[in-house]
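Letter by letter, the sequence shown follows residues 8 to 78 in this note's numbering.
The structure appears below as structure tokens.
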Amino acid sequence: MDNIIVLNGKQFLIVNEIEVHGMHYIYAGSLEDEKYVLLIEREKDGIKTVQSVTDEEEFELVMSMIAKENN
Numbered sequence: 008m009d010n011i012i013v014l015n016g017k018q019f020l021i022v023n024e025i026e027v028h029g030m031h032y033i034y035a036g037s038l039e040d041e042k043y044v045l046l047i048e049r050e051k052d053g054i055k056t057v058q059s060v061t062d063e064e065e066f067e068l069v070m071s072m073i074a075k076e077n078n
């Protein structure tokens, strides 16, 4: 995957990518402001899509895995 991802017309720099329980997550920071996003990438019929992680428990799990990986 490239280092930049475009979401809703905004560019985000990919900070970290991680696999958790067989799912691919992307942590990225906006190049336009101070916002960060945690995304989950899915593939269906050969087409990759991403969406924001909205489940608080899933968010906390993935972020804790990223923190452990960076220690």
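C-beta: ideal position from N, C-alpha, C; glycine also.
Item: Rounded C-alpha distance that separates LYS17 from ALA35; Value: 11 Å
Item: PHE66 to LEU45 span [Cα, whole Å]; Value: 7 Å
Item: Terminal residues of the alpha helix (DSSP H) in which GLU76 lies; Value: 63-76
Item: TYR43, buried or exposed, once every other Cβ within 10 Å from all chains shown has been counted against 16; Value: exposed
Item: Those residues which DSSP pairs with VAL22 across a bridge; Value: Partner(s): none; VAL22 has no beta bridge.
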